[in-house]
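Below is one structure, written out as structure tokens; the observations come after it.
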Amino acid sequence: MTSSLLKVLSGERLDIPPIWMMRQAGRHLPEYLEVRATAKNFIDFCFSPDKAAEVTLQPIRRYDMDAAILFADILLIPIGLGRDVWFVKGKGPQLNPITVSDIAKLTIEGAAERVSPVYETVSKVRAKLDPSKALIGFCGGPWTVATYMIEGQGSPKKEIAKRFAYENPEAMDDLLQALAISSADYLIHQANAGADVLKIFESWAEGLSPDLFERLVIKPTRQIIDLVRDAGITKPIIGFPRGGGLKAVIYAQNTGITAIAAGTDMPMDSFRKLLPKDMPYQGNLDPLALRIGGDVLRQAVQTVLETSTGPHIFNLGHGVTPDVKIENVHAVINHIRTGDGDYV
Ligand code: 1CP
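In this text, residue positions in the sequence shown follow this note's numbering: the first is -13, and each later residue adds one.
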């Protein structure tokens, strides 16, 4: 049975859009926290295929989502490239800020192979997942991953990374190139292991000038997609240039992506008119409405349903947060599938 997600990604509009949620695995689920407690640390968890496969499947079991997203992280590729990444409770990811001279030492050769437990997770999940459900593999956008590598911590301010791009243009291009090549390999391995759809998370695409956006986002993304296609992978690729505003349209036109994910700030009706004809798009319920629940959430879901036209995948504009109530995730799904939900 073809999954509803794959149908929409091939350009079909469905009366009931497929639904999955960014960060659906982890964080808010008690069954996730149980498995999480058995892992030494977050990176070890990502490199434990049985545990990672189990938490990838949890939201499908609990919510009957239309797609599973691989449990891994966008910050595994820097490890493949020879950098240290560790997670501190309450602070998120930590890295040693990369310098110009470090960039020349990145280990591009074999980078994707050094994170090979991830592909084992993919095949374990695909073996257990019902054929009607799609499995999404992913990588980070080179710019987004570079902001963490340059700034060394979570919720990067981007100013340091932007300054680095202006002041060290050659080193920045080398860094993005290293990330594009290794991320393409990473996606190719995931596709070959059984991922049905690939997604590029460019979570920090906001606030870039048009010139920087072209250089830091469009160019390396196009390079990833060209490399994936050159390897014979024809699976759909979703791009998520979060906060890119109007430049998301340029991204849709010029990177070679199959579909585009919209952040919370995007008006879905106007966005549709600007996109290449019938390009599938995904989005864009406000994660804050999901946290608040009740009528606020009911209205927000209704607005997404009413303003999204053409091939549409229902999702959030960003991720599920730890404080989200499980009842409200159920209510959103019921609302989409049956017309209303029991919001609390
Ligand atoms: O302690 C924990 O349990 C860690 C929480 C956690 C989880 C569950 C992190 C730390 N990453 C993840 C998994 C993860 N990350 C997935 C798997 C699917 C899922 O959770 O449903 C995916 C797709 C990601 C991707 C990811 N990681 C992104 C892009 C998407 C987005 O949310 O914008 C980013 C930016 C990261 C970096 C990251 N990973 C984790 C943290 C705390 C951060 C930093 C976030 C920040 O800078 O604010």
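Where is the CB? At the ideal position from N, CA and C, for every residue including glycine.
Could you tell me the alpha carbon to alpha carbon distance between Q288 and K91, rounded to whole angstroms? On the sequence shown, position 302 is the one that residue 288 refers to. On the sequence shown, position 105 is the one that residue 91 refers to. The alpha-carbon atoms of Q288 and K91 are separated by roughly 51 angstroms.
Classification of M(-13) by the beta-carbon crowding that lies within 10 angstroms, buried from 16 upward: Taking the sequence shown and counting its residues from 1, one reaches residue -13 at position 1. By the 10 Å Cβ count, M(-13) comes out exposed.
Could you give the DSSP three-state label for Q10: helix, strand or coil? Residue mapping note: residue 10 aligns to position 24 of the sequence shown, counting from 1. Coil, per DSSP.
Over what stretch of residues does the alpha helix (DSSP H) that includes Q288 continue unbroken? The residue you call residue 288 lines up with position 302 of the sequence shown. Q288 -> alpha helix (DSSP H) spans G280 to T293.
Quick check on the DSSP output: the beta strand (DSSP E) that includes Q80 runs from which residue to which? On the sequence shown, position 94 is the one that residue 80 refers to. G78 to L81 is the span of the beta strand (DSSP E), which, as asked, contains Q80.
8 angstroms CB neighbourhood of N301 in its chain, flanking five on each side removed: Residue 301 sits at position 315 when you count from the first residue of the sequence shown. Within the same chain, N301 has close Cβ partners I5, W6, M7, M8, A247, Q268, G269, N270 and L271.
Below-7 angstroms beta-carbon distance, F150 vs any chain C residue: Protein chain content of the structure displayed is limited to a single chain, and chain C is not contained in it.
Does the ligand 1CP have even one heavy atom less than 6 angstroms from the beta-carbon of P155? For the purposes of this step, residue 155 is taken as residue 169 along the sequence shown, with counting starting at 1. No, the Cβ of P155 stays beyond 6 angstroms of every heavy atom of the ligand 1CP.
If you measure between the beta carbons of Y105 and A179, is that distance less than 7 angstroms? Along the sequence shown, read from residue 1 onward, the residue named residue 105 stands at position 119. Along the sequence shown, read from residue 1 onward, the residue named residue 179 stands at position 193. Against a cut-off of 7 angstroms, the Cβ pair of A179 and Y105 comes out as a contact.
Between the segment 224 to 231 and the segment 172 to 192, can you find at least three pairs of beta-carbon atoms closer than 8 angstroms? yes
Cut-off 6 angstroms between Cβ atoms - residues of its own chain near R112, not counting five sequence neighbours on either side: Locating residue 112 in the sequence shown gives position 126, counting from the first residue. Cβ within range, chain order: L121 and G180.
Taking 6 angstroms as the cut-off, is the C-beta of R22 nearer than that to any heavy atom in the ligand 1CP? Within the sequence shown, the letter at position 36 stands for residue 22. Yes, Cβ of R22 sits closer than 6 angstroms to a heavy atom of the ligand 1CP.
With DSSP as the reference, please indicate the residues paired to A72 in a beta bridge. Reading the sequence shown from its first residue, position 86 is the one you call residue 72. Position check: residue 72 holds Trp in this sequence, whereas Ala was assumed. In DSSP, W72 forms a bridge with Q80.
For P273, the nearest candidate out of T93, Q10 and R(-1) (CA to CA): Within the sequence shown, numbered from 1, the residue matching residue 273 stands at position 287. The option with the nearest alpha carbon to P273 is Q10.
Determine the DSSP secondary structure at Y329, reduced to helix, strand or coil. Locating residue 329 in the sequence shown gives position 343, where the first residue counts as 1. Here Y329 sits in coil by DSSP.
Please determine, among I236, A317 and T295, the residue with the shortest C-alpha to C-alpha distance to L276. The residue given as residue 276 occupies position 290 in the sequence shown. Comparing alpha-carbon positions, the option among I236, A317 and T295 lying closest to L276 turns out to be A317.
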